[in-house]
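Numbering of the sequence shown is given in the UniProt record's numbering, commencing with residue 1 and proceeding in unit increments.
Step one of this worksheet: look at the structure below.
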Amino acid sequence: MFKKNRHGIQIKSPEQLEKMRAAGLVVGRTLDLLKRSVEPGMTPLDLDAIAEKAIRDEGAIPSFKGYQGFPASICASVNHEVVHGIPSTERKLREGDIISIDCGAILDGWHGDSAVTVPVGEVSPALTELMRVTEESMWRGIAALTVGRHLSDIGYEVEKYVRSQGRYGIPQEYGGHGIGTEMHMDPWVANHGRPGRGPVLEAGMCLAIEPMVNLGTQRTRVLDDDWTVVTIDGKASAHFEHSVAVTHNGPWVLTALDGGKERLSQLN
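Written out as structure tokens, the structure is:
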């Protein structure tokens with residue numbers, strides 16, 4: 001039922017890609033709502049409640065909740081938290097913070113996964129630029145998802161853009177992944193490296209592209225909750241992600257409401 005290539009990477013049929021798109025749109029609409037909801041005084045757990053309701057209202061299931069024991073429907077990572085922050089009421093968002101919101105949903109057995117970093121009110125120019133660089137690097141990586149290119153071309157394009165923009169840290173141990181009937185599947189997708197290596201990209205592959213970029217060092221550590229990843233130097237980090245299908249017509253961004261057309265057209 002589920003085709004795989006010789007590298008063990010799941011290859012989706014056109015009908016299965018349509019189901020992936022439906023799951024992706026649930027995630028895209030939920031993140032759009034969350035972006036509009038973020039304001040000073042909220043807690044990350046407030047956002048989690050909004051996300052869970054939005055996902056379930058669409059007949060989908062939050063894929064993060066219960067995943068390897070994770071207790072919430074979103075990951076909410078504030079300021080120096082890189083990824084996998086657990087939403088709580090222990091602190092309120094403040095003007096000048098940034099928050100990465102990572103969201104996943106399962107619809108009819110297929111997964112969507114996407115993340116965005118959102119400013120809380122007015123933020124510093126350095127944080128605004130950090131978010132811009134991170135998001136743009138994601139789109140540069142997405143643009144590499146064309147039939148015939150290699151898996152490592154994605155990380156190469158991400159890293160090349162980030163390095164061209166200044167002295168930022170790219171955590172080496174975290175990256176993107178395959179996605180489909182499971183949230184995390186082969187292959188792992190690095191955000192760095194040389195081009196022209198690894199499996200050749202084929203139509204029907206679906207990959208989650210998710211650069212994380214730090215304002216300071218690339219070095220990170222995991223907190224005692226065994227989930228939250230933070231920067232060693234306490235400087236801010238941004239995170240953006242989209243689930244993307246490789247097609248003969250170019251990348252199809254499954255979690256972008258317009259399929260990625262606007263942003264990808266700006267790169268051509």
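We put the beta carbon where it would ideally sit given N, CA and C, even for glycine.
Output needed for residue i: all residues of its chain with C-beta closer than 7 Å, excluding positions within five of it in sequence on either side, in chain order.
i    : result
Q172 : H192, Q218
M185 : Q10, H177, G178, I179
E58  : V26
H80  : V230, T231, G234, K235, A236, S237
L223 : V230
S136 : Correcting the residue type first, residue 136 is Glu in the shown sequence and not Ser. Around E136: Y161.
S37  : L47, I50
T220 : V82, P171, V229, V230, T231, I232
Please name the residue in the options whose C-alpha comes closest to that of residue i.
i           : options                : result
E202        : R140, K3, I11          : I11
V116        : L267, R167, N268, A256 : A256
N5          : D97, V200, L215        : V200
I50         : T30, R140, L267, G59   : T30
G250        : A236, S265, A238       : S265
A23         : I55, I99, G112         : G112
residue 339 : G198, L223, V230       : No answer is possible for residue 339: it lies beyond the span of the chain, which begins at 1 and ends at 268.
Y168        : L215, P87, G196        : L215
G260        : I142, P125, G109, L34  : I142
V83         : G69, H248, S100        : S100
H248        : I154, D233, G204       : G204
V26         : I61, G8, D46, H80      : I61
P211        : V189, G198, L223       : V189
D46         : T228, I86, V162, I209  : I86
K35         : V147, G175, E136, I98  : I98
D225        : G196, I154, S88, P187  : S88
G198        : T228, R56, G148, T220  : G148
L127        : V78, V158, G175, E159  : V78
In chain order, what residues of the same chain have a beta carbon less than 8 Å from the beta carbon of residue i, not counting five sequence neighbours either side?
i    : result
R194 : S152, Y156
G180 : F2, Q10, K12, Q16, M20, W110, H111, C206
E182 : H111
Per DSSP, which one or two residues make a beta bridge with residue i?
i    : result
E241 : A115
L107 : W110
E81  : V230
L207 : G178, V244
S100 : S77, T117
W252 : A245
M212 : H239
T89  : Answer is none; T89 lacks a bridge partner.
T220 : T231
V200 : H150
Who are the near neighbours of residue i in its chain, counting only those whose CB is closer than 6 Å to its CB and skipping five residues on each side?
i    : result
K3   : I11
A238 : T117, L130, M131, T134, V213
D108 : K19
R263 : W139
G166 : none
L267 : A143
A54  : T30, L33
Measuring only from the beta carbon, is residue i closer than 7 Å to any heavy atom that is part of the ligand PLP?
i   : result
A60 : With respect to small molecules bound, the structure shown includes none, and the ligand PLP cannot be examined in it.
Quiz prompt | Uninterrupted alpha helix (DSSP H) stretches inside the stretch 165 to 191 (no shorter than 4 residues) | solution = none
Quiz item: Would you say the stretch 101 to 113 touches the stretch 55 to 74, given that touching needs at least three Cβ pairs under 8 Å?
Solution: yes
Quiz item: What are the uninterrupted segments assigned as alpha helix (DSSP H) that are 4 or more residues long and contained completely in the stretch 2 to 76, given in chain order?
Solution: 14 to 37, 44 to 57
Practice problem: Evaluate contact between the stretch 239 to 249 and the stretch 34 to 45, counting only Cβ atoms and requiring at least three cross-stretch pairs below 8 Å. | Solution: no
Quiz item: Do the stretch 64 to 71 and the stretch 10 to 26 touch if we need at least three Cβ pairs shorter than 8 Å?
Solution: no
Exercise. Please confirm if the stretch 114 to 133 is in contact with the stretch 83 to 103, defined as three or more CB-CB distances below 8 Å between the two stretches.
Key: yes
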